[in-house]
Every structure is written in structure tokens, then in C-alpha cells.
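Visitor: I'd like to ask some things about the structure below.
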Amino acid sequence: HERTYIMVKPDGVERGLVGEIIKRFENKGFQLVGLQLLSPTRKILEKHYEDLSSKPFFPGLMKYMISGPVVAMVWSGKGVVKSGRVLLGETNPLASLPGTIRGDFCIDVGRNLCHGSDSVENAEKEIALWFPHGLVPHERVIEKLIYE
Ligand code: GTP
Ligand code: MG
3 HERTYIMVKP DGVERGLVGE IIKRFENKGF QLVGLQLLSP TRKILEKHYE DLSSKPFFPG
63 LMKYMISGPV VAMVWSGKGV VKSGRVLLGE TNPLASLPGT IRGDFCIDVG RNLCHGSDSV
123 ENAEKEIALW FPHGLVPHER VIEKLIYE
């Protein structure tokens with residue numbers, strides 16, 4: 003199956019929304035194959051957001067992301083990159099529909115709770131960056147109940 007990198011940002015951890023966010027991916031049927039609570043270094047954040055380094059909001063983004071621990075996760079499943087972003091909602095939470103994580107729980111783009119990879123290629127890069135020691139792939143008994 004495809005894999006994606008999902009991260010609960012410092013505001014999500016501090017607000018106690020880690021379980022809620024995990025629950026939505028579990029409910030959907032995706033499989034957790036990597037999970038870690040960590041205080042990200044400036045170095046890893048600069049690498050993660052290197053495409054945004056010239057944006058005016060970049061310094062604020064760094065300050066936000068380094069303000070506390072994050073929960074780094076890898077989820078596996080059919081179409082999980084695109085579907086993961088649907089579960090998260092739009093980048094701007096005010097444009098996110100109710101039923102999405104950002105639509106239900108936040109307001110500002112600079113406090114949007116979570117991150118999701120935007121392509122299969124970037125997902126693999128982000129997984130290598132945040133999980134250099136690898137994942138925990140495992141067989142699921144319920145696989146036949148989730149997929150045709
Ligand atoms: P991620 O899943 O976090 O990568 O969001 P995204 O892919 O929907 O958006 P993008 O990668 O373009 O931006 C990454 C993050 O930078 C966003 O999630 C926001 O937290 C932040 N960001 C993006 N655009 C803005 C902006 O215009 N203003 C501010 N303050 N933050 C922004
Ligand atoms: Mg992005």
C-alpha cells in the first residue's frame with residue numbers, strides 16, 4: 003500500500019487533540035506503521051519545509067513548529083496520501099468543511115494543527131526524514147474487512 007507522513011503540530015499536541023486525530027485515521031481503516039512524539043530540531047524543520055523557505059510566513063512557521071513537541075506518524079493504505087489530506091481539510095482552516103480535522107478544530111492557517119504529505123513522492127521523502135530508523139510494518143487480520 004501507499005504511505006503518507008502525518009504530523010500533529012505543537013498546537014495539536016498542546017490542545018490534547020492527538021487521540022482525536024489518530025482516531026480519524028483509524029476509523030477510516032488506514033494502518034499505523036510509524037509513531038513518535040519528538041521535539042523537532044530547527045534542522046529537521048528547515049529540511050521538511052525547504053520549499054517554503056522564501057515565503058514571508060516562513061520565520062513564523064519555524065517559530066510555531068519549534069514551540070513544542072510534535073507527533074510524527076506514518077499511515078498506510080490505498081490512496082492514503084490524497085485521502086489523508088481530505089481528512090485534514092484545507093490549509094486554511096476557515097475554508098475547511100466541518101467533518102475535517104481543521105474544519106472541526108481550528109481557525110488560523112498559522113495554527114492548523116496538522117500536516118499531511120502532498121504527493122506520494124514527497125511522502126516517501128518525509129518518511130525518510132522523520133523516520134530514519136524505519137517503520138513497523140505488520141500484517142493485519144482485518145485486512146479483508148477493509149479491502150474488497
Ligand atoms: P501542510 O500539510 O502543513 O504541509 O500544509 P499544506 O500542504 O496544506 O500547505 P503548505 O505546505 O503550502 O504550507 C505548510 C504550512 O505552512 C501550512 O500548513 C501552514 O501551517 C503554513 N502556511 C502556509 N501558508 C501560510 C500563510 O499564508 N500564512 C501562514 N501564517 N502560514 C502559512
Ligand atoms: Mg504542505
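Just so you know, the sequence shown maps onto residues 3 to 150 in the UniProt record's numbering. Heads up, the beta-carbon is just placed ideally off N, CA and C, and yes, glycines get one too. Just so we're clear, the structure is a prediction, and the values are computed from it rather than from any experiment.
Nearest-angstrom Cα distance between K11 and L115?
Guide: 5 Å
Visitor: Just verifying my parser: in three-state terms, what is the DSSP assignment at H117?
Guide: strand
Visitor: Could you work out which residue in M9, R5, P58, G36 is closest to I103 when comparing CA atoms only?
Guide: Distance check between I103 and each of M9, R5, P58, G36 places M9 closest, using alpha-carbon atoms only.
Visitor: Helix or strand or just coil, what does DSSP make of L54?
Guide: helix
Visitor: For V111 and H140, I'd like the C-alpha separation in whole angstroms.
Guide: 35 Å
Visitor: Could you tell me which residues DSSP pairs with Y7 in its beta bridges?
Guide: V76
Visitor: Is the beta carbon of E76 less than 7 Å from the beta carbon of R5?
Guide: The question names Glu, but residue 76 is Val in the sequence shown. Result yes, Cβ atoms of V76 and R5 sit closer than 7 Å.
Visitor: Quick check on P100: does DSSP put it in helix, strand or coil?
Guide: strand
Visitor: I believe Q33 touches S78 by the beta-carbon criterion, under 8 Å. Please report the beta-carbon distance rounded to the nearest angstrom.
Guide: 5 Å
Visitor: Should the segment 54 to 65 be regarded as contacting the segment 21 to 38, the criterion being three or more beta carbon pairs within less than 8 Å?
Guide: no
Visitor: Let me check you understand the geometry: is the CB of D120 closer than 6 Å to at least one non-hydrogen atom of ligand 4?
Guide: Summarising the ligand content, the structure contains ligand 1 and ligand 2 and does not contain ligand 4.
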